[in-house]
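Notes follow the structure.
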Amino acid sequence: MTASVIHGGWVFVPLSSFVPNRLCTRYSAVSRLDCWRFGHRKGYPLTTSCLSERAATIAASDHNYGSKQVISVTPRVYDYLLTNVREPQILRELREETATMRGSQMQVSPDQAQLLAMLVQILGAKRCIEVGVYTGYSSLAVALVLPDSGVLVACERDKNSLEVAKRYYDRAGVSHKVDARHGLAVDTLNSMIENGESCSYDFAFVDAEKRMYREYFELLLKLVRAGGVIVIDNVLWHGKVADPLVDDKQTESIRSFNRALMEDERVSISMVPVGDGMTICHKR
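Just so you know, we're using UniProt numbering here: the sequence shown kicks off at 1 and counts up by one.
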């Protein structure tokens with residue numbers, strides 16, 4: 001059965017779905033999200049959208065955006081995307097080992113890691129920070145493209161996960177570039193500021209406790225130079241941020257963070273649907 005879809009502030013409810021050899025669903029836009037809050041319900045029937053298994057596209061429900069269609073990543077499309085990721089052998093081995101571990105869903109995807117590494121290269125970054133290392137896939141991807149004199153401060157509170165990461169840093173020959181810090185990231189970042197390291201970093205990536213995002217972001221804004229980049233992971237949070245029926249603390253904190261970031265004139269931003277959603281922030 002085809003599930004309801006939330007997009008552009010509307011809830012799309014499937015009315016029918018089956019055409020041989022094609023994914024075919026007729027959706028009805030049942031209600032704007034703000035209408036749910038006030039107990040109102042509005043229905044707007046839409047035309048049938050038949051999608052082959054090779055591709056699925058969607059368009060914004062607000063007609064002011066025109067009829068531009070964008071790709072909706074199906075399993076087949078995502079498998080194809082992954083075949084076009086240039087994943088070094090050492091990263092593949094780390095990914096495969098992590099896949100056997102508890103909490104493996106916390107590992108960034110190969111396409112995310114490739115984007116992070118490219119951003120570091122485009123910036124010409126030499127000094128980087130990562131908040132939330134887990135087993136080190138993203139930090140290793142970044143360390144591999146840093147110059148030999150570069151440094152990545154890698155903050156992780158779980159000792160066992162950090163040990164896996166450090167083992168792969170050694171294997172990849174980049175351990176001299178990585179300053180692994182075991183402990184709470186807030187404490188590490190504050191100590192770096194106290195040590196006079198403000199505005200001395202080029203790039204930062206955050207993939208840690210969601211309810212701490214605002215605090216991490218404020219600290220990183222002090223540490224990253226003007227023109228530097230901060231990337232925040234999980235900003236779409238498995239789509240929960242767009243579901244008005246989901247109101248757990250982590251989801252609400254990400255929604256709140258996204259709203260605040262939208263209004264923050266200190267940075268230019270771009271939210272991209274890569275992995276679980278990432279917002280790329282360019283410090284002005």
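Where is the CB? At the ideal position from N, CA and C, for every residue including glycine.
Assignment of aspartate 79 by DSSP, reduced to helix, strand and coil, places it in the helix class. Less than 8 Å divides the Cβ of leucine 116 from the Cβ of valine 142. Every beta strand (DSSP E) of 3 residues or more that sits fully in the stretch 220-260 is shown, in chain order, as 224-233. For serine 161, the enclosing alpha helix (DSSP H) begins and ends at 159-172. The three-state secondary structure of methionine 101, taken from DSSP, is coil.
Per the DSSP secondary-structure output, serine 268 pairs in a beta bridge with His282. Less than 8 Å separates the beta-carbon of tyrosine 169 from that of glycine 136. One Cα belongs to leucine 220, the other to alanine 204, and the distance between them is close to 7 Å.
DSSP, read as helix, strand or coil, puts glutamine 112 in helix. The Cβ neighbour count for asparagine 258, taken over all protein chains shown within 10 Å, is at least 16; the residue is labelled buried. In the structure shown, the three-state DSSP call for leucine 152 is strand. In this structure valine 206 touches valine 131 by the C-beta definition: roughly 5 Å separates them, less than 8 Å. Between alanine 113 and leucine 91, the beta carbon gap of about 7 Å places them in contact (Cβ cut-off 8 Å). For glutamate 130, no alpha helix (DSSP H) run applies; the uninterrupted beta strand (DSSP E) run containing it begins and ends at 127-131, by DSSP. When DSSP states are grouped into helix, strand and coil, serine 67 belongs to the coil group. DSSP lists no beta-bridge partner residue for tyrosine 134.
When the beta-carbon positions are compared, valine 153 and arginine 181 come within less than 8 Å of each other. The alpha-carbon of valine 108 is positioned some 27 Å away from that of cysteine 199. Per DSSP, the unbroken beta strand (DSSP E) holding aspartate 179 starts and ends at 178-182.
Close CB contacts of leucine 146 within its chain, under the 8 Å cut and outside five residues either way in sequence, are with Val120, Ala125, Lys126, Cys128, Leu152, Val174, Lys177 (chain order). Rounded to whole angstroms, the gap between the alpha carbons of cysteine 281 and aspartate 202 is 12 Å. From the listed residues Leu144, Glu215, Pro273, Arg211, the smallest Cα separation to histidine 238 is found for Pro273. Contact between the stretch 245-258 and the stretch 76-92 is absent: fewer than 3 CB-CB pairs across the two stretches fall below 8 Å.
Burial state of alanine 260 is exposed, judged by a 10 Å Cβ sphere holding fewer than 16 other Cβ atoms. Of Asp179, Gly66, Ala59, the smallest CA-CA separation from serine 149 is found for Asp179. The DSSP-derived three-state label of valine 206 is strand.
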